[in-house]
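Chains as they are written, first to last, in the working numbering: chain P, 12 to 124; chain R, 149 to 260.
Where a beta carbon is used, it is the ideal one built from N, C-alpha and C, also for glycine.
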């Protein structure tokens, strides 16, 4: 079974609008971390946001927020007020304690002016 | 530098040639990861070190792939007898214990 599932290969959003990128995960561990990374065309992996499995509040980092629904095992990324520079691939990842990072297949986001 | 450094950034190898890819993690980071990323795909796990111990090498696609981190800092990913399907970007990442992964710029390997 896939550890991380991202079901949206491509998404479009109008500049200044909000967009939600979906991510579901699969684990039987109680302690784990959830991460979102951005990969622009330059290829670098840029960390955006982190959510711990025991965190009760949804994580926020500037225009990024993580909609964490533990019972549904989902960790959707919300980008508010989209900018042209947000156009990139977005990867959801999970790390169980003492283990590797598992990545999804990514969502390509295009911001339309 | 303060970040993860990978070298070379680009490598062109003739089929059958051996290559070595280097990763300098952030100082003090105990965990080091190697990933392979094909064009348009997500990173695929290759191997994971904690200090000098290779804890997981289940992602290495064949015995032509070998990784080491002898002193618990710099790591080298070696690919012997390269084949065309090895063409990809190889990403190295490091983390401090359970923290987020910091990625290098990657090495783009092209096998011709």
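Quick one: which chain P residues come within Cβ less than 7 angstroms of residue i?
i, result
"residue 248/R", "46, 58 and 61"
"residue 190/R", "102, 114, 115, 116 and 117"
Exposed or buried, residue i, counting other C-beta atoms within 10 Å across all chains shown (16 or more means buried)?
i, result
"residue 123/P", "exposed"
"residue 6/P", "Residue 6/P is absent from the model: chain P starts at 12 and stops at 124."
"residue 60/P", "buried"
"residue 108/P", "exposed"
"residue 238/R", "buried"
"residue 21/P", "exposed"
"residue 254/R", "buried"
"residue 160/R", "exposed"
"residue 71/P", "exposed"
Identify whether residue i lies in helix, strand or coil by the three-state DSSP scheme.
i, result
"residue 40/P", "coil"
"residue 211/R", "coil"
"residue 66/P", "coil"
"residue 192/R", "strand"
"residue 107/P", "strand"
"residue 187/R", "coil"
"residue 96/P", "helix"
"residue 216/R", "strand"
"residue 72/P", "strand"
"residue 13/P", "coil"
"residue 232/R", "helix"
"residue 172/R", "strand"
Starting from the beta carbon of residue i, find every residue of chain R whose beta carbon is closer than 7 angstroms, and list them in chain order.
i, result
"residue 68/P", "The contacting residues do not exist; residue 68/P stays about 18 angstroms from chain R at best."
"residue 21/P", "Under the 7 angstroms cutoff, chain R gives no residues; its nearest Cβ is about 11 angstroms from residue 21/P."
With a threshold of 8 angstroms on Cβ separation, who are the neighbours of residue i within its own chain once the five nearest residues in sequence on each side are excluded?
i, result
"residue 34/P", "15, 16, 17, 45, 47, 85, 86, 87, 88, 103 and 115"
At least one CB of chain R closer than 8 angstroms to the CB of residue i: is that the case?
i, result
"residue 41/P", "no"
"residue 13/P", "no"
"residue 74/P", "no"
"residue 18/P", "no"
"residue 102/P", "yes"
"residue 83/P", "no"
Within the same chain, show all residues whose beta-carbon is closer than 7 angstroms to that of residue i, passing over the 5 residues directly before and after it, in chain order.
i, result
"residue 235/R", "257, 258 and 259"
"residue 90/P", "29, 30, 74, 75 and 97"
"residue 117/P", "17, 100, 101 and 102"
"residue 220/R", "199 and 200"
"residue 244/R", "176, 177 and 178"
Residues of chain P with CB under 8 angstroms from residue i, in chain order?
i, result
"residue 158/R", "Chain P residues near residue 158/R: none, gap ~11 angstroms exceeds 8 angstroms."
"residue 239/R", "56"
"residue 253/R", "54 and 55"
Counting only Cβ pairs nearer than 9 angstroms, list the residues of chain P close to residue i.
i, result
"residue 204/R", "110 and 111"
"residue 181/R", "111 and 112"
Can you confirm whether residue i, when its beta carbon is compared against all beta carbons of chain P, has any partner nearer than 8 angstroms?
i, result
"residue 209/R", "no"
"residue 193/R", "yes"
If I measure Cβ to Cβ from residue i and keep anything under 6 angstroms in the same chain, skipping five residues before and after, which residues do I get?
i, result
"residue 24/P", "30, 93 and 122"
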